[in-house]
Each structure stands twice: as C-alpha cells, then as structure tokens.
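Notes for the one structure printed next.
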Amino acid sequence: MTAPVDRLPPRPPPGRFAIGSAIGAAVLTVLTANAVDFSLTGLVTDLTRPNSVIDGLLSPDWTQIWSRRSRSAFIETLQLAVLGTTGGAIVALVLALYATDYGAPNRTVKYVLRLVNAVIRSLPDLLWALLFVSAVGVGALSGLLALFFFSIAVISKLTADTLDGLDRAPIEAAVASGATTTEMLRTAVLPQILPSYVSFVLYGFEINLRASAVIGLVGAGGIGERIQFFQGRGEWDKLWGLVILFFLVVFVVERVSIFLRRRLV
Amino acid sequence: MIRFSDVSVTYPGGVRALSGVNLEIEDGEFVVVVGLSGAGKSTLIRAINGLVPLTTGSLQVDDREVTDLDRTGLRDLRSDIGMVFQGFNLVDRTTVLNNVLMGRLHSVPTWRTLLGRYPAADVAIAAQALERVEILEKARVRANQLSGGQRQRVGIARALAQEPKVILADEPVASLDPPTSHIVMRYLKEISAELGITTLVNLHFLDLATAYADRIIGLRAGELVFDGPGSECDADVFESIYGRSLTADDTMDKQAAL
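Quick note, the sequences are listed as chains A and B, same order.
Residue numbering for the first sequence follows the working numbering, starting at 741 and increasing by one per position.
Residue numbering for the second sequence follows the working numbering, starting at 840 and increasing by one per position.
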C-alpha cells in the first residue's frame, strides 16, 4: 500500500483565466514602463548628481521647529483637522443613519441620501480643496470646508458598512414599543455602533491631518502653505526640517489614535 | 378587546401565513397560541401591533381598526401594546435600565431621548417594572452581562414599562432551559392577572401551554383549528393541531429528560 500522500489526487492545472491575467499584468507593466521612459540607471544618476533638494534633506534646518511662523502654521493645521473632522463626523453620522433601510423615513429620502453620500465620496481631498479655494479664496476657510467634506466621505462610508451588519432585533423592539424613527436610531442603533463610530472618527482625524498638508499646497491653509512657501524660495533645508517635524506630529497622533481605537472595539 | 374578522396574511413571495382567521379576545385574558413552526403563530401576534400588515380582513384593537392606521396611529397603537421576543431583543451594549427605558419612548420628548435625559417620572416607571420582575439590582449592569433568564425578565420589564393594555410574547421561552422557562411564564401570568393586561403567548411546548393558559388557540397551516380552555386541550386535540402524534419533542419536561 502506498502512503496517502502518493495517492493524493493530482493538483488541478491553473485555469485559463488565471494564466491570462498573470500574462496580461506582466505585459501591461512592461508597456507602461516603456511608455513613461522608466529606467533604473536614470533614477540612480539623477539622484546621485549634485542636487539641492537632496542636500537639504541631508542637512535639514531644525530651527523650523521653533520658528514662530511654522509653529502657527502647525497649529492652523491641527485646528483644521479637528474642526473639519468634528463637523464632518456629525453630518456623516446623520447621513449614514438616515440612509439605512430601517432609518430612512421613506424610499425617496433613502436614495437621495445615498446619492449625496456617493457624490461626496467620489471626490478626493485635493479636489475638494481646489474647489473651495476657487470658490471662497485662498486661506484656512477653504481648507476647513475641504476637510469637512472629506471627513463626511470617509466616516459615512465606514459607518454605513457597520450599520448594515447591525443586530436588527433591538430595532424591532423599539418599533414595537411605539418609538419614532429618530428615537429608535438613538436608543436601539447608536449604542451598538458607538465604539466603531468613535474609532472611525479618530481614523478620519488621522487622515485629515495628513490631508491638511496636501491641501495646503493648493492654498487651503495650514502647514502645506508653509511647505510650498519654502519650495518656492528653494530653501530645501528649511522645507525638510518642516517635513520631518510634520512626520513626527503625524506619527505621534497616529500612535495615540491606534492605541485608543484598539481599546474601543 | 381584540377582534380578528376573516383575517388573511400572504407574504410577498406567496407564503400564506394566516387564512380566514376569526377570533375574539376579551380584556385581561391570558391566551396561549400553539402550533408547529410555520403555522402562523408569529404572524398572528405581529398582526395585532401592525408589524405585519393584513392582506385581507379586519382587525380591531379596542376601537381602533389596525388596517386604517397611519404612521402616527400605528405608533399610538404600539405604545399600548408591549412585546416580548424569543431572542430578548435587548441592546447588549447598554445598561439594563436604558433597555427598559425603551418602553417609555412613546411618552418621552424626542429631544430628551436624543440627550439620554429621561424624565424622573419615566425612570421611576422603569424602576418599578424592574422591581416587578425582581431584577432591580441589575439596573446599572450592561445587558450582555446577564443570563438568558435574566435577559428575558428585562424584556418583560421593558414591555411592562410601556404601561400596556396588551402584552404579546412571541416564543418567550424558546431560548431558555425548563426551570427558567417556568419562571418567565409565571411572571407573564402574574402580571397579566394582577394588572389586568391582556396577554397572548406563542408556545410550542404543550405542557407549558396547558399549565399556564386560560385559553388555548391552536393554529395549523394558518388556520384556526382549536379555541378553548386549557382543560379541554388533551392529547387528541394536540394531535389535531400538530397533524401527527405527539413526541417527546413536543413537551418541555420530556424533552428535558432526554
């Protein structure tokens, strides 16, 4: 008698679709690399050539940490992230709750809210910033509005997914007791999703903090504007000092947020 | 009084859950509804508080015609009818007291509910309901910390906090062990007798049904096949309701002995 391992049925051959996809992916990678003239040698020679940007990175100007203007730019960034996230989180919760099967007062409201959510979600942070810089002008207000809408997008999506997987039994109990939809959402739904929701808000805050650096580049206030200012003047050592500082702040916020979120869920 | 007149319910998809049911239930009666699963017990109970709409027929609760009620009218009707569920339907993540206060939602202003600031009078009613099922000391405990029997008592307290005229209990002991089932049934019976609350209980265990019911209603394939006092309900009647001879699965005590 042969060992069971020798009597295993033969491994089925890979399907045509799998082979086709693998070949397709490889061909596409090579073609696109050719199309954009990618070459490793070019990368190495460009980076090793005397280069003021790299020089700045090697000797960053740490004094940016204590500069008054950089500090106020940082504070503005944090303010934008906090305000944008808080406002967005509240609106996102309402939008998500009333767009559910059980929370929508009627079909029309449900589909309108879902459409609004989908539209808000489809725009990236930078586009929101550009939109508001054009609409209300350069400055922190446009940054705040951009982060507000961006938070709605992130938080409403995550919250909506949690709401779909909810225990529906308490909802039935609330409805059977004669509660209104709003009362039902507050007493039967909110306690169930609260830990997840708070975790999503913290996550939204992390994302907004990072996004606030990017949206500053198009003039929406905060640290990004300061980074762009140094870039314009070619003061790379100061720029890198600022970027490293920003990295530290994001890192700390992220660690704290991850720690809090672990304890929540 | 609850009056079913020629009530039929057909679910979307064509399943006929009730057909041509005529039934009158007087105030303060303690009625047990028996039948196999799928016989229409849940539908019968859920028709009374409008959770399941009728396909044809008429259903009156006191002087209200359930089929005529709009959204507000339905909420008003439901505030008079407490409901107890097989799976307890508690919010696990919040306290026992908050769960029982759900029974007060119909009288608390929405803004107070949103803030979670319930009026003292409503908290007093909730506490009294918890005292009635002897679980007041667990009021500040999270619902998920309780045993099944305790959770169902909280479920009864929540229904009681509505100060209802009717209590509907849908398989309230199906998730509980036999001793706990008897405790829960005793509370339901006592509450009905002492407060004069009309009570309908769905059960599938025959011995429990005959032990507690003033009146038993038998459903088979959506039709009312028996209506009479518990004492008249012997093995032959049950066989007619179940459409087969009885087995140990049909009585809780025998099943527990298995």
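From the three backbone atoms N, C-alpha and C, an ideal C-beta is built for every residue, glycine too.
Own chain partners of residue i with C-beta closer than 6 Å, once the 5 adjacent residues on each side are dropped
i	result
B:Ile-784	Chain B is shown from 840 up to 1097; residue 784 of chain B falls before or after that span and cannot be answered.
A:Ala-960	Ala-869, Val-873, Ser-882, Gly-883 and Ala-886
B:Arg-855	Thr-849 and Gly-1061
B:Lys-977	Val-935
B:Pro-851	none
B:Val-905	Gly-889 and Leu-898
Beta-carbon gap between residue i and residue j smaller than 7 Å
i	j	result
A:Ser-862	A:Phe-872	no
A:Ala-919	A:Ala-836	no
B:Val-939	B:Ala-996	yes
A:Leu-985	A:Ile-805	yes
B:Leu-862	B:Gly-879	no
A:Gly-824	A:Ser-891	yes
B:Leu-954	A:Arg-926	no
B:Gly-889	B:Leu-913	yes
B:Val-980	A:Pro-931	no
B:Met-840	B:Glu-868	no
B:Arg-943	B:Asp-961	yes
B:Ala-965	B:Ala-1000	yes
B:Val-860	B:Leu-1063	yes
B:Ile-1100	B:Arg-1059	With chain B covering only 840 through 1097, there is no way to say anything about residue 1100 of chain B.
B:Gly-928	A:Glu-912	According to the sequence shown, residue 928 of chain B is Asn rather than Gly. Result yes, Cβ atoms of B:Asn-928 and A:Glu-912 sit closer than 7 Å.
A:Asp-907	A:Gly-796	no
A:Glu-923	B:Thr-949	yes
Residue nearest to residue i in terms of C-alpha spacing, selected from the options
i	options	result
A:Gly-905	A:Phe-940, A:Thr-840, A:Val-767 and A:Val-834	A:Thr-840
A:Phe-987	A:Leu-949, A:Trp-976 and A:Leu-1004	A:Leu-949
A:Ala-916	B:Thr-894, B:Phe-924 and B:Thr-906	B:Phe-924
A:Leu-979	A:Pro-800, A:Gly-824, A:Ala-758 and A:Thr-927	A:Pro-800
B:Lys-1004	B:Val-871, B:Ile-1080, B:Asp-1089 and B:Ser-1031	B:Ser-1031
A:Leu-866	A:Asn-774, A:Ala-953 and A:Ala-765	A:Ala-953
A:Leu-903	A:Ala-821, A:Ala-928, A:Glu-923 and A:Gly-796	A:Ala-928
A:Gly-879	A:Val-784, A:Gly-981 and A:Gly-964	A:Gly-964
B:Thr-1090	B:Asp-1016, B:Gly-1067 and B:Leu-1063	B:Asp-1016
B:Glu-1010	B:Arg-992, B:Cys-1072 and B:Val-1040	B:Val-1040
B:Ile-1022	B:Ala-1000, B:Gln-989 and B:Asn-983	B:Gln-989
B:Leu-1027	B:Ser-844, B:Ala-968, B:Ile-964 and B:Ala-978	B:Ala-968
B:Ile-1056	B:Leu-975, B:Pro-851, B:Ser-844 and B:Val-872	B:Val-872
A:Thr-817	A:Ile-967, A:Val-938 and A:Val-996	A:Ile-967
A:Glu-975	A:Asn-791, A:Arg-747, A:Tyr-842 and A:Gly-843	A:Asn-791
B:Leu-1034	B:Arg-971, B:Thr-894 and B:Thr-911	B:Arg-971
Neighbourhood of residue i by C-beta distance below 8 Å, restricted to the same chain and skipping five residues each side
i	result
A:Pro-744	none
B:Leu-1085	Leu-1045, Ala-1074, Phe-1077 and Glu-1078
Sequence-distant residues of its chain with Cβ nearer than 7 Å to residue i (five each side left out)
i	result
B:Met-941	Arg-997
B:Val-891	Val-848, Thr-882 and Arg-885
A:Pro-845	Thr-921
Test: residue i CB closer than 7 Å to a CB of chain A
i	result
B:Ser-1031	no
B:Thr-1049	no
B:Leu-1045	no
B:Gln-989	no
B:Gly-942	yes
B:Asn-1041	no
B:Val-930	yes
B:Asn-888	yes
B:Arg-971	no
B:Gln-967	no
B:His-945	yes
B:Ser-918	yes
B:Thr-791	In this structure chain B extends from 840 to 1097, so residue 791 of chain B is not present and cannot be described.
B:Thr-952	yes
B:Thr-882	no
Neighbour flag for residue i against chain B, beta carbons, 7 Å
i	result
A:Gly-918	yes
A:Arg-926	yes
A:Thr-899	no
A:Thr-922	yes
A:Ala-913	yes
A:Pro-750	no
A:Gln-932	yes
A:Ala-829	no
A:Pro-910	yes
Check: residue i C-beta below 6 Å from any heavy atom of the ligand ADP
i	result
A:Pro-750	Among the components modelled here there is no ligand, and therefore nothing to report on the ligand ADP.
Supposed close pair residue i, residue j - CB separation, criterion 8 Å
i	j	result
B:Leu-875	B:Val-900	That belief does not hold up - the Cβ atoms of B:Leu-875 and B:Val-900 are roughly 27 Å apart, past 8 Å.
B:Gly-926	B:Ser-1014	6 Å
A:Phe-970	A:Leu-982	7 Å
B:Thr-1049	B:Gly-1069	5 Å
B:Ser-1020	B:Leu-1047	7 Å
A:Leu-942	A:Leu-898	That pair is no contact at about 11 Å.
B:Leu-908	B:Val-846	No, B:Leu-908 and B:Val-846 are not in contact; Cβ-Cβ is about 15 Å, not under 8 Å.
B:Val-993	B:Ala-1008	That pair is no contact at about 14 Å.
A:Ile-860	A:Ala-893	5 Å
Proximal residues of chain E, C-beta to C-beta of residue i below 9 Å
i	result
B:Arg-903	Annotation note: the requested chain E is absent from the structure, which comprises protein chains A and B.
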